[in-house]
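> Below you'll find the structure I mean.
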Amino acid sequence: MLDPATDRDLEIMAAQLGRTMRGVLGIGARCACGAPTVVVTSPRLPDGTPFPTFYYLTHPAAAAAASRLEADGTMAALQERLDDPAVADAYAAAHAAYLADREPHGHVEEIAGISAGGMPTRVKCLHAVIAHALAAGPGVNLIGDEALALADWSPEVCACQPDARGSADREAHAEPR
Numbered sequence: 580m581l582d583p584a585t586d587r588d589l590e591i592m593a594a595q596l597g598r599t600m601r602g603v604l605g606i607g608a609r610c611a612c613g614a615p616t617v618v619v620t621s622p623r624l625p626d627g628t629p630f631p632t633f634y635y636l637t638h639p640a641a642a643a644a645a646s647r648l649e650a651d652g653t654m655a656a657l658q659e660r661l662d663d664p665a666v667a668d669a670y671a672a673a674h675a676a677y678l679a680d681r682e683p684h685g686h687v688e689e690i691a692g693i694s695a696g697g698m699p700t701r702v703k704c705l706h707a708v709i710a711h712a713l714a715a716g717p718g719v720n721l722i723g724d725e726a727l728a729l730a731d732w733s734p735e736v737c738a739c740q741p742d743a744r745g746s747a748d749r750e751a752h753a754e755p756r
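Numbering (the working numbering), first residue to last: 580 to 756.
Structure, rendered in structure tokens:
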């Protein structure tokens, strides 16, 4: 999925990440409330810098959940899953899908063949594989799907901080009195 990014989306993502957004192509996944969860970024930033991370996890609660999984050893356990040839083949296919998604947005020789998260042979960043799983949908990135299933965060339940939504959204998400 690639939704156009609105000015409000750019404001929300800047608040989520604490920086001005660069090279945004669109939104790859959204929270249940509609706030951006994954940004899709150009493979070459406006300043000319190659940027291989096409799908970037922006949602603070999702990023925190990925960090907790990395800290608790889940990444190592998922790396061991690649010893299963079927899982390794699925992860290699996820790598190919990632590259196929990115390539139409610009060929960048410096990052040709490089996806994210350690694909296709290592699991080195759960943020990246979860972002890919969220943007591509279930069944495209098996390791990302498994990490997402283990996370203490779900894209189906809003976990946004009020500041990451507009005042109208805050009112819509307010607890009934």
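Idealized CB from N, CA, C, for every residue including glycine. Quick caveat, the model's predicted, so the values are computed rather than measured.
Could you give the residue range of the beta strand (DSSP E) that holds Val-618?
One-based indexing of the sequence shown puts residue 618 at position 39. Its beta strand (DSSP E) spans residues 615-620.
> Tell me whether Ala-645 is buried or exposed, calling it buried when 16 or more other Cβ atoms sit within 10 Å of its Cβ.
The residue labelled residue 645 in the question sits at position 66 within the sequence shown. Label assigned to Ala-645: buried.
> Under the assumption that Ala-673 contacts Leu-721 (Cβ atoms under 8 Å), give the Cβ distance between them as a whole number of angstroms.
Locating residue 673 in the sequence shown gives position 94, counting from the first residue. Locating residue 721 in the sequence shown gives position 142, counting from the first residue. Confirmed, Cβ separation roughly 7 Å.
> Quick one: is Ala-726 buried, meaning 16 or more other Cβ sit within 10 Å of its Cβ, or exposed?
Mapped onto the sequence shown, residue 726 falls at position 147. With 16 or more Cβ atoms within 10 Å of its Cβ, Ala-726 is classed as buried.
> Taking the runs of the alpha helix (DSSP H) that are 4 residues or longer, which of them lie wholly in the region 606-690?
Complete alpha helix (DSSP H) runs here, min 4: 639-650, 653-660, 664-681.
> Nearest-angstrom Cα distance between Ala-695 and Glu-735?
The residue given as residue 695 occupies position 116 in the sequence shown. The residue given as residue 735 occupies position 156 in the sequence shown. Distance between the alpha carbons of Ala-695 and Glu-735: 24 Å.
> Which residue comes first and which comes last in the alpha helix (DSSP H) that contains Gly-723?
Translated into positions along the sequence shown, residue 723 becomes position 144. First-last of the alpha helix (DSSP H) with Gly-723: 721-729.
> Does DSSP put Leu-604 in a helix, a strand or coil?
Counting from one through the sequence shown, the residue named residue 604 turns up at place 25. In the structure shown, Leu-604 sits in a strand (DSSP, three-state: E or B).
> How would you write the range of the alpha helix (DSSP H) that Ile-591 sits in, first residue to last?
In the sequence shown, the residue the question calls residue 591 occupies position 12. Unbroken alpha helix (DSSP H) run through Ile-591: 586-596.
> What does a CB cutoff of less than 6 Å around Arg-587 pick up in its chain, not counting 5 residues either side in sequence?
The sequence position of residue 587 within the sequence shown is 8, counting from 1. Within the same chain, Arg-587 has no close Cβ partners at all.
> Distance, Cα to Cα, Ala-710 vs Asp-663?
Start at 1 with the first residue of the sequence shown, and residue 710 comes out as number 131. Start at 1 with the first residue of the sequence shown, and residue 663 comes out as number 84. Approximately 23 Å between the Cα atoms of the pair.
> Which whole-angstrom value describes the C-beta separation of Leu-757 and Thr-620, a residue pair presumed to lie in contact below a C-beta threshold of 8 Å?
Any question about residue 757 goes unanswered here, given that the chain covers just 580 to 756.
> Could you say which of Thr-616, Arg-701, Arg-598 lies nearest to Ala-584 if we only look at CA atoms?
Counting from one through the sequence shown, the residue named residue 584 turns up at place 5. Ranking Thr-616, Arg-701, Arg-598 by Cα distance to Ala-584 puts Thr-616 first.
> According to the Cβ coordinates, are Arg-601 and Leu-624 closer than 8 Å?
The count along the sequence shown starts at 1 and reaches residue 601 at position 22. The count along the sequence shown starts at 1 and reaches residue 624 at position 45. Cβ atoms of Arg-601 and Leu-624: closer than 8 Å.
> Along the chain, where does the alpha helix (DSSP H) that runs through Leu-581 open and close?
Position 2 of the sequence shown, counted from the start, is the residue given in the question as residue 581. Where Leu-581 is concerned, there is no enclosing alpha helix (DSSP H), given that its DSSP letter is neither H nor E.
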